[in-house]
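Protein chains in written order, with the working numbering: chain A, 203 to 462; chain Y, 236 to 577. Where a beta carbon is used, it is the ideal one built from N, C-alpha and C, also for glycine.
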Amino acid sequence: MTELLRIEQVTKAFGGLVAVNDVDMTIEEGKILGLIGPNGAGKTTLFNCITGVYPITSGEIYFKGERITLLKQDLIVRKGLCRTFQELRIFKNLSVLQNVLIGMHTRCKGNVLDALLELPSVKAEEKRAKEKALHYLDLLGMADRADFKASSLPYADQRRVEVARALAAEPELLLLDEPSAGMNISESHTLTDFIKWLNVEMKKTILLIEHNMRVVMPVADNVMVLNMGKKIAEGTPTQVQGSKEVIEAYLGREYVAQEL
Amino acid sequence: MMKWFPRKINLKWILFFASLLVPVVVRSPFILHVIILLGIYVVLTDALNFVTGFAGQLALGIAAFVTIGGYTGALLMLNNDWSFWMALGAGGVAGFLSGLILGVLSLRLRGDYLGMVTLGFSEIIRIVAINLVGVTRGPMGLPGIPRPQIFGYTFRGDVPYFYLLLALIVFTHVTIERMLFSRFGRACLAIRDDESAAAAMGVEAYQYKVLAFCISSAYAGLAGVFYASWTTLFSPDSFQLVDSIMITIMNTLGGIGSLLGTFPGAIVIGALPEIFRPFTTGAGVASLRLALVGLFMVIVLNIRPQGIAGMSIDPVYISLEPIRRLFVRGGEDAKENKEEAQ
């Protein structure tokens with residue numbers, strides 16, 4: 203198995219606050235890595251570091267063997283990394299189709315001048331992009347709602363739009379930030395199947411931030427645990443679940459003492 | 236037989252053909268003069284709407300770019316004997332470039348802060364225009380700006396200027412529409428809705444904001460050259476802060492982010508002070524005109540907070556069925572429908 207993403211000793215400090223502290227991580231192609239940790243552990247910060255939202259303080263990030271440390275967000279998306287957000291961040295005033303087309307932004311070329319001149323090549327590109335966007339919507343069962351205003355959809359469908367948008371960027375590595383946020387038990391059950399489907403059928407490598415153990419434990423090949431910005435455990439879900447440090451981080455030291 | 240008769244028509248065609256008739260219908264020179272002024276406001280509201288409504292960046296200094304465009308065009312025509320058409324292009328380019336300079340410097344700021352900087356820039360340009368006496372003749376302004384000529388015909392009087400302005404409005408709308416419904420326009424709309432999400436999707440947000448700002452400023456520059464040639468005088472007072480604010484109000488009333496709302500917005504707000512003029516003459520009540528405009532704004536925005544046209548960028552169609560029925564007999568229509576079904 204080849205490794206897709208490797209981060210080495212990544213540290214991110216906001217002034218005196220070290221949000222991510224000396225973290226190493228590798229994701230192999232075709233795997234699902236779960237990233238868990240209590241609130242404020244630095245999971246989303248780590249996400250933001252990988253995707254180029256925050257410049258990291260120190261360390262190196264490699265994607266497919268290429269150094270992507272401190273690259274701009276759009277270049278990172280072009281390399282094949284795309285994310286979803288913990289809180290919904292679809293473009294509310296745009297149609298569902300337009301939302302997905304934004305996902306394809308880096309995969310199209312047309313610039314302002316082309317648009318002003320209405321070049322045939324650009325029109326053809328737009329047409330192809332629309333067909334592709336509809337294809338992604340179809341995969342998620344949303345093709346019939348392509349022309350709906352995104353904000354008019356129910357919450358679960360808006361989440362799907364967000365995933366379709368990320369898929370449209372044709373990433374090799376998909377970063378999902380708490381996809382189960384705001385979902386009930388049966389919805390999160392559907393979500394586990396969906397993440398597996400993304401992994402198996404769509405051949406996406408996935409980095410998954412998740413609070414909900416019901417979602418992360420059945421799908422993840424490996425799990426990494428962050429606490430206070432530091433990696434405290436790594437391994438298969440079963441290994442991690444048994445780790446003393448993890449139980450301590452989640453439930454407190456007293457709980458561990460009681461158990462022993 | 237009447238198959239050719241359309242069932243619906245795009246509102247913009249109605250607007251276009253109706254405005255072709257304006258100089259024929261309007262006999263009063265004063266009213267035509269006001270209409271041309273309103274047309275300039277339409278172009279400027281479109282320009283502002285491009286950066287504020289579509290790219291979501293609060294810009295309050297559009298008068299600066301009208302001034303820069305106006306002076307560039309006027310000076311080239313006066314000192315270098317450039318034709319109006321070349322000067323018009325130069326005014327647009329000057330607007331674009333000055334937009335680039337200000338945009339590169341200020342578009343890292345968001346929201347109110349950007350508004351402040353553009354406002355300040357607008358004042359700086361006005362003060363420079365007043366004090367750079369050697370070039371701009373200061374507060375005296377530049378008189379005697381030549382009129383456009385084409386194939387030996389000189390534009391004189393408000394009627395030819397009206398059609399010239401109509402061409403400018405059509406140009407503005409066609410180009411804006413083409414840009415809006417492209418990869419670039421979509422990216423701008425995404426930045427407006429959620430800049431960091433757009434960036435996460437690989438949209439180069441900063442570049443796109445700067446470009447949208449430049450394009451908006453270029454339209455303002457074009458309008459400046461038109462205004463200079465129309466009035467034959469350009470001075471630092473031609474476009475100032477209060478005009479930027481009026482244009483912002485027009486955009487708000489028409490619907491920030493709408494494609495056709497700029498027309499009702501600019502026309503209503505621009506025309507109201509003129510409509511109120513006869514009722515508010517005399518000492519003490521003259522300033523009441525603007526207060527009445529304010530009152531009107533308060534009422535309209537209470538009823539429609541999103542503006543007259545809201546945020547709609549979809550084409551507006553007017554049904555022609557009632558007119559169609561006048562021409563097409565019932566039986567014939569039914570037969571046609573049957574044929575269509577087959």
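(request) Can you grab the Cα-Cα spacing for the pair Gln541(Y) / Ile303(Y), in whole Å? (result) Residue numbering aside, residue 541(Y) sits at position 306 when the second sequence is read from its first letter. Residue numbering aside, residue 303(Y) sits at position 68 when the second sequence is read from its first letter. C-alpha separation (whole angstroms): 32 Å.
(request) Could you please give the first and the last residue of the uninterrupted alpha helix (DSSP H) stretch that includes Tyr441(Y)? (result) Working through the second sequence from its first residue, we reach residue 441(Y) at position 206. Ala440 to Thr466 is the extent of the alpha helix (DSSP H) around Tyr441(Y).
(request) Return the first residue and the last residue of the beta strand (DSSP E) that Gln211(A) is part of. (result) Counted from its first residue, the first sequence places residue 211(A) at position 9. In this chain, the beta strand (DSSP E) harbouring Gln211(A) covers Glu205 to Phe216.
(request) For Arg347(A), I'd like the list of residues in its chain whose CB is within less than 6 Å of its CB, leaving aside the five on either flank, ordered along the chain. (result) Locating residue 347(A) in the first sequence gives position 145, where the first residue counts as 1. Setting aside the 5 residues that flank it on each side, Arg347(A) is surrounded in the same chain by Val298, each with a C-beta closer than 6 Å to its C-beta; the list follows chain order.
(request) Say whether the segment 346-366 of chain Y touches the segment 461-475 of chain Y, bearing in mind that this needs 3 or more beta-carbon pairs closer than 8 Å, one atom from each stretch. (result) yes
(request) Note the first and the last residue of the continuous beta strand (DSSP E) segment covering Ile244(Y). (result) The sequence position of residue 244(Y) within the second sequence is 9, counting from 1. That run of the beta strand (DSSP E) goes Lys243 to Asn245.
(message) Measuring alpha carbon to alpha carbon, tell me which residue in Tyr443(Y), Met436(Y) and Ile271(Y) is nearest Val255(A).
(response) Position 53 of the first sequence, counting from 1, holds the residue named residue 255(A). Ranking the options by Cα distance to Val255(A), first place goes to Met436(Y).
(request) Anything in chain A within Cβ reach of Thr487(Y), meaning under 8 Å, just list it in chain order. (result) To locate residue 487(Y), count along the second sequence from 1; it is residue 252. Within chain A, no residue comes near Thr487(Y); the closest Cβ sits about 16 Å away, beyond 8 Å.
(request) State yes or no: is the C-beta of Ile234(A) within less than 8 Å of the C-beta of Ala422(A)? (result) Position 32 of the first sequence, counting from 1, holds the residue named residue 234(A). Position 220 of the first sequence, counting from 1, holds the residue named residue 422(A). Cβ atoms of Ile234(A) and Ala422(A): closer than 8 Å.
(request) Count the other C-beta atoms from every protein chain shown that fall within 10 angstroms of the C-beta of Ile304(A), then say buried if there are 16 or more, exposed otherwise. (result) Here residue 304(A) is taken as the residue at index 102 of the first sequence, counted from 1. Residue burial is scored here from C-beta neighbours: Ile304(A) has at least 16 other C-beta atoms within 10 angstroms and is therefore classed as buried.
(message) Quick check on DSSP: helix, strand or coil for Gly326(Y)?
(response) Counted from its first residue, the second sequence places residue 326(Y) at position 91. DSSP places Gly326(Y) in helix when its eight states are reduced to three.
(message) When you compare the CB positions of Lys214(A) and Thr247(A), do they come within less than 8 Å of one another, or not?
(response) Residue numbering aside, residue 214(A) sits at position 12 when the first sequence is read from its first letter. Residue numbering aside, residue 247(A) sits at position 45 when the first sequence is read from its first letter. The Cβ atoms of Lys214(A) and Thr247(A) lie closer than 8 Å to each other.
(request) Could you please give me the residues that DSSP links to Ile408(A) through a beta bridge? (result) One-based indexing of the first sequence puts residue 408(A) at position 206. Its beta-bridge partners are Ile234(A) and Leu376(A).
(request) List the residues of chain A that Met186(Y) touches, going by C-beta distances under 7 Å, in chain order. (result) Any question about residue 186(Y) goes unanswered here, given that chain Y covers just 236 to 577.
(request) Say whether chain A places a C-beta atom closer than 8 Å to the C-beta of Thr497(Y). (result) Locating residue 497(Y) in the second sequence gives position 262, where the first residue counts as 1. Chain A contact via Cβ: absent.
(message) Need the endpoints of the beta strand (DSSP E) that Val427(A) sits in, please.
(response) To locate residue 427(A), count along the first sequence from 1; it is residue 225. Element bounds for Val427(A): Asn424 to Asn429.
(message) Across the segment 231-245 of chain A and the segment 396-414 of chain A, are there enough close Cβ pairs to call them in contact, namely three or more that are closer than 8 Å?
(response) yes
(message) Between the alpha carbons of Leu457(Y) and Phe386(Y), how many angstroms are there, rounded?
(response) Locating residue 457(Y) in the second sequence gives position 222, where the first residue counts as 1. Locating residue 386(Y) in the second sequence gives position 151, where the first residue counts as 1. Between the C-alpha atoms of Leu457(Y) and Phe386(Y) there is a straight-line separation of about 21 Å.
(request) Return helix, strand or coil for Asn250(A), following the three-state DSSP convention. (result) As a first step, residue 250(A) is located in the first sequence; it is residue number 48 there, counting from the start. If DSSP states are grouped into helix, strand and coil, Asn250(A) belongs with the helices.
(message) Is the separation between the beta-carbon of Phe397(Y) and that of Val257(Y) shorter than 8 Å?
(response) Counted from its first residue, the second sequence places residue 397(Y) at position 162. Counted from its first residue, the second sequence places residue 257(Y) at position 22. For Phe397(Y) and Val257(Y), yes; Cβs fall inside 8 Å.
(message) My output table needs one value for Cys284(A): the three-state DSSP class, helix, strand or coil.
(response) Counting from 1 along the first sequence, the entry for residue 284(A) is found at position 82. Three-state DSSP puts Cys284(A) in a strand.
(request) Enumerate in chain order the residues of its own chain whose CB-to-CB distance from Pro322(A) is below 8 Å, with the five nearest sequence positions on each side excluded. (result) Locating residue 322(A) in the first sequence gives position 120, counting from the first residue. Around Pro322(A): no qualifying Cβ.
(message) Check for me: the beta strand (DSSP E) holding Phe265(A) runs from which residue to which?
(response) Taking the first sequence and counting its residues from 1, one reaches residue 265(A) at position 63. Start and end: Ser260 to Phe265.
(request) Could you list the residues in the segment 368-388 of chain A with a C-beta less than 7 Å from some C-beta on chain C, going in chain order? (result) Looking at the structure shown, chain C is missing, and the protein chains on hand are A and Y.
(request) Alpha carbon to alpha carbon, how far is Arg291(A) from Ala366(A)? Give it in angstroms, no decimals. (result) Looking up residue 366(A) in the first sequence gives position 164. Looking up residue 291(A) in the first sequence gives position 89. About 13 Å.
(message) Output needed for Val339(Y): all residues of its chain with C-beta closer than 7 Å, excluding positions within five of it in sequence on either side, in chain order.
(response) In the second sequence, counting from the first residue as 1, residue 339(Y) sits at position 104. Closer than 7 Å at the Cβ level, and outside the excluded window around Val339(Y), lie Val445.
(request) Let me know if Asn301(A) comes out buried or exposed under the rule of 16 or more other beta-carbons within 10 Å of its beta-carbon. (result) Working through the first sequence from its first residue, we reach residue 301(A) at position 99. Answer is buried; the Cβ neighbour count reaches 16.
(request) Could you work out which residues of chain Y lie near Glu320(A), taking near to mean beta carbons separated by less than 7 Å? (result) Numbered from 1 along the first sequence, position 118 holds the residue referred to as residue 320(A). Residues of chain Y passing the Cβ test: Arg413.
(message) Closer than 8 Å between beta carbons: that is the criterion. Which residues of the segment 247-260 of chain A meet it against chain Y?
(response) Residues of the segment 247-260 of chain A whose Cβ lies closer than 8 Å to any Cβ of chain Y, in chain order: Thr253 and Val255.
(request) Could you tell me which chain Y residues have their CB closer than 9 Å to the CB of Thr308(A), listed as they occur along the chain? (result) Here residue 308(A) refers to the residue found at position 106 of the first sequence. When 9 Å is used as the limit between beta carbons, Thr308(A) is near these residues of chain Y: Met436, Gly437 and Val438, in chain order.
(message) Would Leu299(A) pass as an interface residue toward chain Y - the criterion being a Cβ-Cβ separation below 8 Å?
(response) Here residue 299(A) refers to the residue found at position 97 of the first sequence. Answer no: the Cβ-Cβ gap between Leu299(A) and chain Y never drops below 8 Å.
(message) Counting only C-beta atoms, is Asn295(A) closer than 8 Å to chain Y at any point?
(response) Numbered from its first residue, the first sequence carries residue 295(A) at position 93. Interface residue, yes.
(message) Under DSSP, the beta strand (DSSP E) around Ile553(Y) begins and ends at which residues?
(response) Counting from one through the second sequence, the residue named residue 553(Y) turns up at place 318. Looking at the DSSP string, the run of the beta strand (DSSP E) that includes Ile553(Y) is Tyr552 to Ser554.
(request) Have a look at Gly420(Y) and Val551(Y) and give me their C-alpha separation to the nearest angstrom. (result) Your numbering for residue 420(Y) matches position 185 in the second sequence. Your numbering for residue 551(Y) matches position 316 in the second sequence. So the two alpha carbons sit approximately 19 Å from each other.
(message) For a quick check, are the C-beta atoms of Tyr264(A) and Ile270(A) less than 8 Å apart?
(response) In the first sequence, residue 264(A) corresponds to position 62, counting from 1. In the first sequence, residue 270(A) corresponds to position 68, counting from 1. In this structure, Ile270(A) lies closer than 8 Å to Tyr264(A) by Cβ.
(request) Answer with buried or exposed for Tyr338(A), where buried requires no fewer than 16 other C-beta atoms within 10 angstroms of its C-beta. (result) Stepping through the first sequence from its first residue, residue 338(A) is reached at position 136. By the 10 Å Cβ count, Tyr338(A) comes out buried.
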